[in-house]
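The block underneath contains the structure these notes are about, expressed in structure tokens.
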Amino acid sequence: MKMRAWGVLLLLLTICLGCSHIQEYIDIAKDEAISKEYLDVLKKWTRDKSVYSQFETRAHIAVTYKSDEFNKAYISEYSRIYELTDVEKREREETVVDLTSDFTEFMFYAYIPEKTSNDFARSDSIWKVFIADGEGGKVYPVEIREIEKITPIVEELFPYVKKYYGKFYTLKFSPLFPPFEQQPAMLVFTSVLGKVELTWRSKN
933 MKMRAWGVLL LLLTICLGCS HIQEYIDIAK DEAISKEYLD VLKKWTRDKS VYSQFETRAH
993 IAVTYKSDEF NKAYISEYSR IYELTDVEKR EREETVVDLT SDFTEFMFYA YIPEKTSNDF
1053 ARSDSIWKVF IADGEGGKVY PVEIREIEKI TPIVEELFPY VKKYYGKFYT LKFSPLFPPF
1113 EQQPAMLVFT SVLGKVELTW RSKN
């Protein structure tokens, strides 16, 4: 009985570590080297949701929308941490603008206890990801790519990323006009495990 109780406890701890809410991770990060200004912007543009079956977590997804405001805050924080010169910061800003102008982009972290189901980047993934435009239409991504190298700076700037429990991805769509946050649109992740629907408009 004792061994069984310990097994249940360890399972619960694993689930908690993989599925803590965004606010909890941000509160932890506030005690570290990341500025409050950046974390406030990160929180504004991040949404998360869990899928449950009875009392079990089937999936937890946290998504940051790379809005213009977020990109500026990211560059500013990165520049502060690495003490970039004005020239270096400007070059980085130009690079980010060039890269982001071609896409509507999100970063997302997925924790799924059944690890083989954390396969968003595969062409035959069990997941379908799309933007629902609010009028019955769907926009599918042009790219979903796993970020395989989770560096310390990634874990600091995206404190909800826990590389030993889940995977981190970049998600790109063709540019949306007007911008995504100005539309009654919803980002949808759906599979046999369940559905996650996230919207940004109501909080902006």
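Numbering of the sequence shown is given in the numbering used here, commencing with residue 933 and proceeding in unit increments.
Yeah, the Cβ is synthetic: ideal placement off N, Cα and C, and Gly gets one too.
In its chain, beyond the 5 residues on either side, G1066 and R1133 have a beta carbon closer than 7 Å to the beta carbon of P1116.
Nearest in C-alpha terms to V1074, of all of G1068, E1088 and I1063, is I1063. Residue K1060 holds the alpha-carbon nearest to the alpha-carbon of L1103 among S1123, K1060, E1020 and G1068. Residue environment for K1099: buried (at least 16 other C-beta atoms within 10 angstroms of its C-beta). Nearest Cα to V1120 within the set K1070, K1094 and K1004: K1070. The closest CA to that of E1078, considering only E988, T1032 and S1057, is found on S1057. CA-to-CA, the gap between F1038 and K998 works out to about 5 Å.
Of the candidates Y984, D1000, D1051 and Q1114, the residue whose Cα lies closest to the Cα of T1131 is Q1114. Counting the other Cβ atoms within 10 Å of the Cβ of R979 gives 16 or more, which makes it buried. Apart from sequence neighbours up to five positions away, the residues of its chain that approach L1108 with a beta-carbon distance below 6 Å are T1036, ordered along the chain.
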